[in-house]
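Undergrad:
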Amino acid sequence: MSEFEKQKQGEIYDPADADIQELQVACLEKMYDYNATRPHEAEQRQALMKEMLAEVGEGCYIEPPLHANFGGHYLHLGHHVYANFNLTLVDDTDIYIGDYTMLGPNVVLAATGHPVLPALRRRGLQFSMPIHIGKCCWLGAGVIVMPGITIGDNTVIGAGSIVTHDIPANVVAVGNPCHVMRQINEQDYKTYFKGRKIPEDLLAAVQHDKFREMRRIKQQLPMQDAERILREGKTAIMAVQGDDGYPYTVPLNYVYMNGRVYIHSAKEGHKMDALHRSDKVTLTVIEKDDVVPEEFTTYFRSVIVFGRARILTDDAEIRQAATALGLKYNDNPQAVKAEIDKFWNALACIEITPEHITAKECIELVRKK
1 MSEFEKQKQG EIYDPADADI QELQVACLEK MYDYNATRPH EAEQRQALMK
51 EMLAEVGEGC YIEPPLHANF GGHYLHLGHH VYANFNLTLV DDTDIYIGDY
101 TMLGPNVVLA ATGHPVLPAL RRRGLQFSMP IHIGKCCWLG AGVIVMPGIT
151 IGDNTVIGAG SIVTHDIPAN VVAVGNPCHV MRQINEQDYK TYFKGRKIPE
201 DLLAAVQHDK FREMRRIKQQ LPMQDAERIL REGKTAIMAV QGDDGYPYTV
251 PLNYVYMNGR VYIHSAKEGH KMDALHRSDK VTLTVIEKDD VVPEEFTTYF
301 RSVIVFGRAR ILTDDAEIRQ AATALGLKYN DNPQAVKAEI DKFWNALACI
351 EITPEHITAK ECIELVRKK
């Protein structure tokens, strides 16, 4: 096995190998040119990044100076990655950074280490393990990430932290060694710094931005049609984050009221366990689903709701939701009240606040218009 192969496979290798050295010098020459660009030479820096790095997505930027063992030769950037001054890469092997991730000044991503055994270090030997940083992460100033680390999507690493083990997605982690301090939570969708509120117009724009645009835009229905389908629909399919990471989907009765979806449930079970783990849900309602044999298809209209679930705890809220739900399927108020009273002690109600709603119809219905 060549030293190059050992380098890429996590084996102990000799970085003084002639082939490795030749590549390294060529990479460092390009990095020197990058760091020597003047502030107004943005286009030149972009062109050099595409030459230097393994992969560069759209809208990426690294503030010079960049310091890297191999000049970023093994650095893979998604789209819109930003790195502030003095990014240091011990990039003897692959380092992956996902879309929209931001790195503060003086961040160190060290994918290479040396054996603890002194005799091996005297020979100048080392090993390299890939680093994976997810999408939409933020690493604060002075963060150090060690070899072989994975950081999950959306995670924030506090300034000065030293990351010595994997960090999951959707958390705030800090310290030396870096540890999870808390989950990203509902408060983070309302405030941004010591209780300062995020402006409502900015929140609305952000909520829209985080969801994909519909790919088949010609089939998209306007919001008034989506709300009509939600009001008139009979059954919804709800998807939650089930056991062991498996999605759990369940058909259920629902009511759409005042811009929110309400469902009922037993107080215990798979669905409730999932909602305690994560409040993120999706709902699908199909209004039309007619089989058309001669076209080998169905004609359909449907709505998907992406939202946050809240298990109601106030008795008045529970009764209001349960009553509205009951009256949707049975217009006898006395019968609805009697049913609610009968099962009151076992009854739970859940409110789902939509963050994003899309509606579409099949292409055949579009063509018939």
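With the numbering used here applied, the sequence shown has no gaps in its numbers, which climb one by one up to 369 at the end.
Here a beta-carbon is modelled for each residue, glycine too, at the ideal position from N, C-alpha and C.
#1: Along the chain, where does the alpha helix (DSSP H) containing residue 31 start, and where does it finish?
#2: With 16 other CB atoms within 10 Å as the buried threshold, where does residue 70 fall?
#3: By the three-class DSSP mapping on this structure, what secondary structure does residue 355 have?
#4: Determine contact between the segment 290-304 and the segment 357-364, defined as no fewer than three beta-carbon pairs at a distance below 8 angstroms.
#5: Tell me, which residues are paired with residue 41 by DSSP?
#6: Check each candidate in 294, 81 and 264 and name the one with the smallest Cα separation from residue 58.
#7: With distances taken from CA atoms, which of 261, 216, 278 and 228 is nearest residue 243?
#8: Please look up how many angstroms separate the CB atoms of residue 167 and residue 173, rounded, as I've assumed it's under 8 angstroms.
#9: Straight-line CA distance for residue 214 to residue 105?
#10: At what residue ranges does the segment 245-292 contain a whole run of the beta strand (DSSP E), taking only runs of 3 or more?
#11: I'd like to check one pair, residue 276 with residue 250: are the Cβ atoms closer than 9 angstroms?
#12: Kindly indicate which residue of 255, 224, 216 and 218 has the alpha-carbon position closest to the one of residue 235.
#13: Could you tell me the distance, in whole angstroms, from the CA atom of residue 191 to the CA atom of residue 197?
#14: For residue 30, which residues in the same chain have their Cβ closer than 8 angstroms to its Cβ, ignoring the five residues on either side in sequence?
#15: Any idea if residue 180 is buried or exposed, counting beta-carbon neighbours within 10 angstroms, 16 or more meaning buried?
#16: Can you tell me whether residue 189 is helix, strand or coil according to DSSP?
#17: So, are the CB atoms of residue 265 and residue 324 less than 9 angstroms apart?
#18: Please check the pair residue 103 and residue 84, which I expect to be a contact at CB under 8 angstroms, by giving their CB distance rounded to whole angstroms.
#19: Taking only the alpha-carbon atoms, compute the straight-line gap between residue 307 and residue 15 and give it to the nearest angstrom.
#20: With a threshold of 8 angstroms, are at least 3 pairs of Cβ atoms found where one atom belongs to the segment 281-295 and the other to the segment 315-332?
#21: Between 260, 156 and 295, which lies nearest to residue 351 when the distance is taken from Cα to Cα?
#22: Just grab the DSSP bridge partners of residue 360 for me.
#23: Cα separation between residue 317 and residue 175?
#24: When the Cα of residue 99 is compared with those of 2, 90 and 76, which residue comes out closest?
#25: Using C-beta distances below 8 angstroms, list every residue in its chain close to residue 164, excluding the 5 sequence neighbours before and after it, in chain order.
#26: Would you give the residue range spanned by the beta strand (DSSP E) that residue 334 belongs to?
#27: Do you know how far the Cα of residue 108 is from the Cα of residue 353?
TA: On the basis of the supplied data:
#1: Within the sequence shown, numbered from 1, the residue matching residue 31 stands at position 31. Start and end: 18-35.
#2: As a working mapping, residue 70 is identified with position 70 in the sequence shown. Buried is the call here.
#3: Residue mapping note: residue 355 aligns to position 355 of the sequence shown, counting from 1. Reduced to three states, the DSSP call for residue 355 is strand.
#4: yes
#5: Locating residue 41 in the sequence shown gives position 41, counting from the first residue. For residue 41, which the question treats as bridged, DSSP gives no partner whatsoever.
#6: Taking the first residue of the sequence shown as position 1, residue 58 is located at position 58. Of the candidates 294, 81 and 264, the one whose C-alpha sits nearest the C-alpha of residue 58 is 81.
#7: For the purposes of this step, residue 243 is taken as residue 243 along the sequence shown, with counting starting at 1. Nearest option by C-alpha distance: 278.
#8: Counting from one through the sequence shown, the residue named residue 167 turns up at place 167. Counting from one through the sequence shown, the residue named residue 173 turns up at place 173. That belief holds up - the Cβ atoms of residue 167 and residue 173 are roughly 5 angstroms apart, short of 8 angstroms.
#9: In the sequence shown, residue 214 corresponds to position 214, counting from 1. In the sequence shown, residue 105 corresponds to position 105, counting from 1. Rounded to whole angstroms, residue 214 to residue 105 spans 37 angstroms at the Cα level.
#10: 247-252, 255-257, 260-266 and 280-292
#11: For the purposes of this step, residue 250 is taken as residue 250 along the sequence shown, with counting starting at 1. For the purposes of this step, residue 276 is taken as residue 276 along the sequence shown, with counting starting at 1. For residue 250 and residue 276, no; Cβs fall outside 9 angstroms.
#12: Here residue 235 refers to the residue found at position 235 when the sequence shown is read from its first residue. Of the candidates 255, 224, 216 and 218, the one whose C-alpha sits nearest the C-alpha of residue 235 is 255.
#13: Taking the sequence shown and counting its residues from 1, one reaches residue 191 at position 191. Taking the sequence shown and counting its residues from 1, one reaches residue 197 at position 197. Rounded to the nearest angstrom, the two C-alpha atoms are 4 angstroms apart.
#14: The residue you call residue 30 lines up with position 30 of the sequence shown. These residues qualify, in order along the chain: 48, 51, 52 and 71.
#15: As a first step, residue 180 must be located in the sequence shown, where it is residue number 180. It is exposed - the Cβ of residue 180 has fewer than 16 other Cβ atoms within 10 Å.
#16: Here residue 189 corresponds to residue number 189 of the sequence shown, with the count starting at 1. Reduced to three states, the DSSP call for residue 189 is helix.
#17: Position 265 of the sequence shown holds residue 265. Position 324 of the sequence shown holds residue 324. No.
#18: The sequence position of residue 103 within the sequence shown is 103, counting from 1. The sequence position of residue 84 within the sequence shown is 84, counting from 1. So it is a contact: roughly 6 angstroms between Cβ atoms.
#19: Counting from one through the sequence shown, the residue named residue 307 turns up at place 307. Counting from one through the sequence shown, the residue named residue 15 turns up at place 15. The alpha-carbon atoms of residue 307 and residue 15 are separated by roughly 51 angstroms.
#20: no
#21: Your numbering for residue 351 matches position 351 in the sequence shown. Residue 260 is the option with its Cα nearest to residue 351.
#22: Counting from one through the sequence shown, the residue named residue 360 turns up at place 360. Answer is 220 and 302.
#23: On the sequence shown, position 317 is the one that residue 317 refers to. On the sequence shown, position 175 is the one that residue 175 refers to. Looking at the two C-alpha atoms, the distance is approximately 42 angstroms.
#24: Translated into the one-based positions of the sequence shown, residue 99 becomes position 99. Closest option to residue 99, Cα to Cα, is 76.
#25: As a working mapping, residue 164 is identified with position 164 in the sequence shown. 146, 149, 177 and 178, listed in sequence order.
#26: Indexing the sequence shown from 1 puts residue 334 at position 334. Residue 334 -> not in any beta strand (DSSP E); alpha helix (DSSP H) instead, spanning 333-342.
#27: Within the sequence shown, the letter at position 353 stands for residue 353. Within the sequence shown, the letter at position 108 stands for residue 108. When rounded, the distance between both Cα atoms is 40 angstroms.
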